[in-house]
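A.B. asks: This is the structure I have questions about; it appears just below.
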């Protein structure tokens, strides 16, 4: 399997002088093409810090991060902006849609930034919104949509540039259980049918059970790793809960 | 504890309050300078009209004060919005409302006192600057001006009232707002522009309204000068049409411009254009009425500044036309109390020596033959044709340094009235002792020698047998200082109107210097008053725009953070933000700047119609006013952009 993302001995310190916190402690792992990985752990375990470092929103203190074999940890600010634009897709807990733009405009914004032609933009828009079932909502503004619909719009925006990897930060955090389930099915669809590589941070065991692999972080280190393999989602859920219990975490029992 | 918190807040929030503070300090400094000028002893004693107009100027200051109070109330609301979450947090941790109000009022008072100190300091400089301008305009020596106690007290009173009002508004808000609203803010649902086609139609119709108002204003102005039957009231209606059209044009445009631009897909789908247009669409359409009102204020400020300078220029040019000599006498010897010329000369000599004098007459046949060729015909006008001897006119012209006439059995028409342009004397002629006299030429910018719309200058023999209708005298004085006002008073007398027992103060002698001083003082006050109004309006307009942008900092910061995550680099973020602020700032000023062209055309037309085109050129003044407004605008734009950039642009 082709390696999409390589995390090699990544360390991250916060603070200065006397008060220094080690948020990530020599973490190493790899993400293959088409993988769906969940990163779980208790609050303060370093999962969001890790995601922010991969997203280049935060700098690492030591180690290397490679995407598609390209070193990103030493890129300049301007190059990083292009990297985020071309290689990454984002799904956030708070949707992060621009409320002044329509659904259509929100989804096509990354393509505008890439300078993709109008024809190609329209083609990709129809394709992605048909697949995610939000074609009817294109002319609406985000405030007129439900939370679930908004998150599907965020998924469409993340997908439209065909990014190397989609980073999802607690994507179900603002949704109720029914909408959470729907969103996870959408992510699964994106992974299985559209072959997207997804790296998701969550603290919800049920949400984590949709992933093919789950990494558990504790005190900035990888503490455990679960592979779903051929087992059912239910079994994976149970395994995650059991691991979380050992971890002393906050797994949600659903 | 609250005092400490308030002090810390003021120190921490100084960035947010910078625009607010600059505006408050500058407006206080203007009020301070103006109030001191109104009560300045030197001006009060040297220029009588200033003393007469002081009450009017105080009234103007109070009106401006009320406007400032409302704007500051509005500005405070922005500041509250900016700090909603902070106040919400105070409430959730158990702070009582009255303490929050106290905290806010304390902060406001601190800022107010600081602004007053800075305002008084800057105002002292403005005051000396204004005094320099006034003394230049009044042609009196400039000396360092002391503050007037009345002026300082009036300013303190006004500033306290302004702060009291705006604090009351804020306290009212803080006492009523819910914690939820403070923490979560009002959830507004973006719906896009409603009825964009109606907005486009409004824009189009208003644009026509603006053009029509200017065309008809120009036409009506011409009518007033050339046709006596015109109705000056129409100008007021046309100004009203311009005002309404300006406001509705901006409302319509604010609601439709971005909608139209969003239709150009090839443009919008490039980079951050769509984001920018949507940001502007939301900002412009939610502030449409405000932008329309600001645009009107700026146009009004421009017109006021332009007209005040025009008034001064015309007044000066007019003086030479209406007062060709140092003293002009039109002696009404039949009036009881009238001062005979010889007695008047003695009085004048007691003030200043007479250099030259000439008595001349206006003759008439009690007919109105020549009036029939002019606009002053019909039953409304009773004046009869007035003739002057060629030799007497030549003597007067020689004294004025002008070329003498040479009428060879012809006559000339002299007038100081612009309405003479509408007359046609080509058919006019008359016979005298078997000789026919035809028109030689018409002089339109003749100084006023007699009380008449025009005079017919004829060879001397023609007036034989005519009755003397007016006796006038031209007097020039030797150089040297004299109290013109006292001389004018000494040459005045009162007569009684028996029917209603009124006493009327009048004079047959018009002293040019007295008129010049009076007019100069009046136009100086007019200019300073108009500029005061214009600068305050522009400062307030700018402050409102800046505060509008700053009050949205938190929203903008969120949006630009998302853009950053989506891969918009720092430079593109900065460019997008600069465009966003620039368009919002320039939106209400573009039309006023464009309108400076028709305003200048109308001013030049006015100058031309009034017969001063050779003496005045107004283009430079108009351009200077636009440049000054542009500079103030640019300054506010840069400060706002600098502050916004610091908060909004995302770096890692």
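Protein chains in written order, with the UniProt record's numbering: chain A, 1 to 254; chain B, 1 to 652.
Every residue, glycine too, gets a C-beta built ideally from N, C-alpha and C.
For residue 438/B, name the three-state secondary structure that DSSP assigns.
C.D. replies: Position 438 of the second chain holds residue 438/B. Strand.
A.B. asks: Measuring CB to CB, does residue 27/B end up less than 9 angstroms from residue 542/B?
C.D. replies: Taking the first residue of the second chain as 1, we reach residue 27/B at position 27. Taking the first residue of the second chain as 1, we reach residue 542/B at position 542. Result no, Cβ atoms of residue 27/B and residue 542/B do not sit closer than 9 angstroms.
A.B. asks: Give me, in chain order, the residues of the same chain whose beta-carbon lies closer than 6 angstroms to that of residue 14/A; leave out the 5 immediate sequence neighbours on both sides.
C.D. replies: Locating residue 14/A in the first chain gives position 14, counting from the first residue. The answer, listed in chain order, is 21 and 23.
A.B. asks: Distance check for residue 220/B and residue 234/B, CA to CA, integer angstroms please.
C.D. replies: Walking along the second chain from the start, residue 234/B turns up at place 234. Walking along the second chain from the start, residue 220/B turns up at place 220. In this structure, the alpha-carbon of residue 234/B lies about 7 angstroms from that of residue 220/B.
A.B. asks: Name, please, each residue of chain B whose Cβ falls closer than 7 angstroms to the Cβ of residue 121/A.
C.D. replies: Taking the first residue of the first chain as 1, we reach residue 121/A at position 121. By Cβ distance, chain B contributes 269.
A.B. asks: Looking at the structure shown, is residue 414/B part of a helix, part of a strand, or coil, going by DSSP?
C.D. replies: The residue you call residue 414/B lines up with position 414 of the second chain. Strand.
A.B. asks: Thinking C-beta only, is residue 75/B closer than 9 angstroms to residue 301/B?
C.D. replies: Here residue 301/B refers to the residue found at position 301 of the second chain. Here residue 75/B refers to the residue found at position 75 of the second chain. No, these two residues do not count as a Cβ contact at 9 angstroms.
A.B. asks: At least one CB of chain A closer than 9 angstroms to the CB of residue 263/B: is that the case?
C.D. replies: In the second chain, counting from the first residue as 1, residue 263/B sits at position 263. Judged by the 9 angstroms Cβ criterion, residue 263/B is not in contact with chain A.
A.B. asks: Does chain A have any CB closer than 9 angstroms to the CB of residue 316/B?
C.D. replies: Sequence index remark: in the second chain, residue 316/B carries index 316 (1-based). It does not: the Cβ of residue 316/B has no partner Cβ on chain A nearer than 9 angstroms.
A.B. asks: Closer than 8 angstroms to a non-hydrogen atom of the ligand ZN - does that hold for the CB of residue 196/B?
C.D. replies: Because no ligand of any kind appears in the structure shown, any question about the ligand ZN cannot be addressed here.
A.B. asks: Can you find a C-beta in chain B that's less than 9 angstroms from the C-beta of residue 127/A?
C.D. replies: What you label residue 127/A is simply residue 127 of the first chain in a count that begins at 1. Proximity of residue 127/A to chain B, defined by a Cβ-Cβ separation below 9 angstroms, is not satisfied.
A.B. asks: Does residue 582/B come out as helix, strand or coil in the three-state DSSP assignment?
C.D. replies: As a working note, residue 582/B is residue 582 in the second chain. Note: residue 582/B maps to helix in three-state DSSP.
A.B. asks: Work out the CA separation of residue 217/A and residue 50/A for me, nearest whole Å.
C.D. replies: Taking the first residue of the first chain as 1, we reach residue 50/A at position 50. Taking the first residue of the first chain as 1, we reach residue 217/A at position 217. Using only the alpha carbons, I get a separation of about 10 angstroms.
A.B. asks: When you compare the CB of residue 81/B with every CB in chain A, is at least one pair closer than 9 angstroms?
C.D. replies: Taking the first residue of the second chain as position 1, residue 81/B is located at position 81. With 9 angstroms as the cut-off, residue 81/B does not count as an interface residue toward chain A.
A.B. asks: Cβ closer than 9 angstroms: which chain B residues qualify as neighbours of residue 108/A?
C.D. replies: Locating residue 108/A in the first chain gives position 108, where the first residue counts as 1. Within chain B, the residues near residue 108/A are 269 and 274.
A.B. asks: Which residue wins for smallest C-alpha separation from residue 316/B, given the options 635/B, 178/B and 610/B?
C.D. replies: Along the second chain, one-based indexing puts residue 316/B at 316. Of 635/B, 178/B and 610/B, the residue nearest in Cα terms is 610/B.
A.B. asks: For residue 331/B, name the three-state secondary structure that DSSP assigns.
C.D. replies: On the second chain, residue 331/B is found 331 positions in, with the first residue counted as 1. Strand.
A.B. asks: What number of angstroms, rounded off, separates the C-alpha of residue 66/B from the C-alpha of residue 169/A?
C.D. replies: As a first step, residue 66/B is located in the second chain; it is residue number 66 there, counting from the start. As a first step, residue 169/A is located in the first chain; it is residue number 169 there, counting from the start. Rounded to whole angstroms, residue 66/B to residue 169/A spans 52 angstroms at the Cα level.
A.B. asks: Identify the continuous beta strand (DSSP E) that holds residue 389/B and give its terminal residues.
C.D. replies: On the second chain, residue 389/B is found 389 positions in, with the first residue counted as 1. Per DSSP, residue 389/B belongs to the beta strand (DSSP E) from 387-389.
A.B. asks: Any beta-carbon of chain B closer than 9 angstroms to the one on residue 252/A?
C.D. replies: Looking up residue 252/A in the first chain gives position 252. Residue placement at residue 252/A is flagged as unreliable, the pLDDT there being 44, under the threshold of 50; the coordinate-derived value follows with that caveat. Chain B contact via Cβ: absent.
A.B. asks: Return the first residue and the last residue of the alpha helix (DSSP H) that residue 79/A is part of.
C.D. replies: Here the question's residue 79/A lines up with position 79 in the first chain. Counting along the chain, the alpha helix (DSSP H) containing residue 79/A begins and ends at 77-87.
A.B. asks: Is residue 36/B buried or exposed, if buried means 16 or more other CB atoms sit within 10 Å of its CB?
C.D. replies: What you label residue 36/B is simply residue 36 of the second chain in a count that begins at 1. Per the 10 Å Cβ criterion, buried.
A.B. asks: May I have the straight-line CA-CA distance separating residue 426/B from residue 438/B, to the nearest angstrom?
C.D. replies: Numbered from 1 along the second chain, position 426 holds the residue referred to as residue 426/B. Numbered from 1 along the second chain, position 438 holds the residue referred to as residue 438/B. Roughly 8 angstroms between the two C-alpha positions.
A.B. asks: Under 7 angstroms Cβ to Cβ from residue 104/A, same chain only, skipping five residues before and after it: list those, please.
C.D. replies: Locating residue 104/A in the first chain gives position 104, counting from the first residue. If we look at residue 104/A and ignore the five residues flanking it on each side, its Cβ neighbours are 125, 138 and 139.
A.B. asks: So, is residue 237/A buried or exposed, given that buried needs 16 or more other C-beta atoms within 10 angstroms?
C.D. replies: The count along the first chain starts at 1 and reaches residue 237/A at position 237. Per the 10 Å Cβ criterion, buried.
A.B. asks: Mind checking the stretch 545-569 of chain B against chain A and listing, in chain order, the residues whose C-beta falls within less than 7 angstroms of any C-beta there?
C.D. replies: 559, 562, 565, 566, 567, 568 and 569
A.B. asks: Does DSSP classify residue 254/A as helix, strand or coil?
C.D. replies: Taking the first chain and counting its residues from 1, the one referred to as residue 254/A is at position 254. The predicted model places residue 254/A with a pLDDT of 38, which falls under 50 and marks its position as unreliable, so this point remains unresolved.
A.B. asks: List the whole-angstrom C-beta distance separating residue 508/B from residue 354/B, where the pair is believed to meet the contact cut-off of C-beta under 8 angstroms.
C.D. replies: For the purposes of this step, residue 508/B is taken as the residue at position 508 of the second chain. For the purposes of this step, residue 354/B is taken as the residue at position 354 of the second chain. Taking the Cβ atoms as the reference, residue 508/B lies roughly 16 angstroms from residue 354/B, outside the contact range of under 8 angstroms.
A.B. asks: Output the boundary residues of the beta strand (DSSP E) element that contains residue 274/B.
C.D. replies: As a position in the second chain, residue 274/B is number 274, starting the count at 1. Element bounds for residue 274/B: not the beta strand (DSSP E) but the alpha helix (DSSP H), 273-286.
A.B. asks: Name the one or two DSSP bridge partners that residue 74/A has.
C.D. replies: In the first chain, counting from the first residue as 1, residue 74/A sits at position 74. Bridge partners of residue 74/A: none, in fact.
A.B. asks: Express the C-alpha separation of residue 344/B and residue 493/B in angstroms, rounding to a whole number.
C.D. replies: As a position in the second chain, residue 493/B is number 493, starting the count at 1. As a position in the second chain, residue 344/B is number 344, starting the count at 1. Whole-angstrom Cα-Cα distance: 12 angstroms.
A.B. asks: Please confirm whether residue 455/B and residue 415/B have their CB atoms less than 9 angstroms apart.
C.D. replies: By one-based count along the second chain, residue 455/B stands at place 455. By one-based count along the second chain, residue 415/B stands at place 415. For the pair residue 455/B and residue 415/B, the CB atoms are nearer than the 9 angstroms cut-off.
A.B. asks: For residue 496/B, which option in 322/B, 487/B, 506/B and 461/B has the closest C-alpha, if you only look at C-alpha atoms?
C.D. replies: Taking the second chain and counting its residues from 1, the one referred to as residue 496/B is at position 496. The shortest C-alpha separation from residue 496/B is found at 506/B.
A.B. asks: Find the nearest neighbour of residue 30/A within the set 65/A, 61/A and 132/A, judged by alpha-carbon distance.
C.D. replies: Counted from its first residue, the first chain places residue 30/A at position 30. Looking at the Cα atoms, 65/A is the closest of the given residues.
A.B. asks: The stretch 278-304 of chain B: which residues have C-beta closer than 8 angstroms to a C-beta of chain E, in chain order?
C.D. replies: Structure shown: chain E not included; protein chains present are A and B.
A.B. asks: Are the C-beta atoms of residue 70/A and some chain B residue less than 9 angstroms apart?
C.D. replies: As a position in the first chain, residue 70/A is number 70, starting the count at 1. No, no contact with chain B.
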